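Numbering (UniProt numbering), first residue to last: 1 to 178. Think of the CB as a built atom: it goes at the ideal place given N, C-alpha and C, for glycine as much as any other residue. All values reported here derive from a predicted model rather than from experimental measurement. Here's the structure, in structure tokens; my notes come after.
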């Protein structure tokens with residue numbers, strides 16, 4: 001959200017939160033200079049602060065609400081799955097839902113790409129892909145093949161490995177990356 005229209009009634013609560021939370025993408029040297037909007041609820045593509053001020057959730061679609069907030073069909077499907085089985089370890093078990101979705105995904109994969117590796121998000125997906133490539137080349141005897149090419153000014157994730165191959169210099173300031 002960046003600079004916002006946080007009202008003075010929300011400012012005290014927001015300042016208390018800012019004392020407890022390190023926000024992603026925040027420049028630590030400027031910490032506390034940017035006021036934040038305290039979000040109270042959401043619906044569709046909108047976020048609302050405590051005063052009822054309505055804002056479009058622009059960045060939300062990049063992550064987990066790309067079809068909007070409060071979509072009943074999604075909430076119902078999540079609720080049903082959590083009641084049935086919230087988790088099974090992928091290290092030792094398989095589930096019907098995982099195999100069903102894997103089968104659906106491979107229909108869209110090009111060529112002979114017919115295996116799926118599930119991760120918890122984009123950063124871990126990038127990490128896993130890089131690790132698979134390095135493992136594959138090591139097994140093939142190409143241990144020197146370690147060069148990763150990425151786009152300039154591109155974002156590839158927030159984990160150590162994915163951030164190491166990201167091209168955004170501002171995200172690398174004061175960090176030691178590989």
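Candidates the options, of which the one nearest residue i by Cα
i: residue 35; options: 175, 153 and 23; result: 23
i: residue 88; options: 98, 80 and 79; result: 98
i: residue 146; options: 157, 159, 165 and 124; result: 165
i: residue 150; options: 176, 144 and 161; result: 161
i: residue 234; options: 158, 154 and 83; result: Any question about residue 234 goes unanswered here, given that the chain covers just 1 to 178.
i: residue 148; options: 133, 47 and 155; result: 133
i: residue 59; options: 51, 52 and 47; result: 47
Close-in-space but distant-in-sequence residues of the same chain around residue i (CB under 7 Å, 5 per side omitted)
i: residue 171; result: 163
i: residue 177; result: 163 and 164
i: residue 90; result: 118
Integer Cβ distance of residue i from residue j, believed to fall under 8 Å
i: residue 85; j: residue 100; result: With a Cβ gap of about 13 Å, residue 85 and residue 100 do not count as contacting.
i: residue 103; j: residue 117; result: No, residue 103 and residue 117 are not in contact; Cβ-Cβ is about 14 Å, not under 8 Å.
i: residue 70; j: residue 43; result: 5 Å
i: residue 114; j: residue 126; result: Actually they do not touch by this definition, with Cβ atoms about 21 Å apart.
6 Å Cβ shell around residue i - same chain, five flanking residues per side excluded
i: residue 139; result: none
i: residue 152; result: 167
i: residue 82; result: none
i: residue 56; result: 45
Contact set for residue i: own chain, Cβ-Cβ below 8 Å, skip 5 residues either direction
i: residue 74; result: 67
i: residue 54; result: 46, 47 and 48
i: residue 130; result: 148, 161, 162 and 165
i: residue 39; result: 47, 48 and 49
i: residue 154; result: 166, 167 and 168
Min CB distance residue i to chain B below 8 Å
i: residue 143; result: No chain B appears in this structure, which consists of one protein chain only.
- Message: For a minimum of 4 consecutive residues, which ranges assigned as the alpha helix (DSSP H) are wholly contained in the segment 19-92?
- Response: Whole alpha helix (DSSP H) segments, 4+ residues: 72-84.
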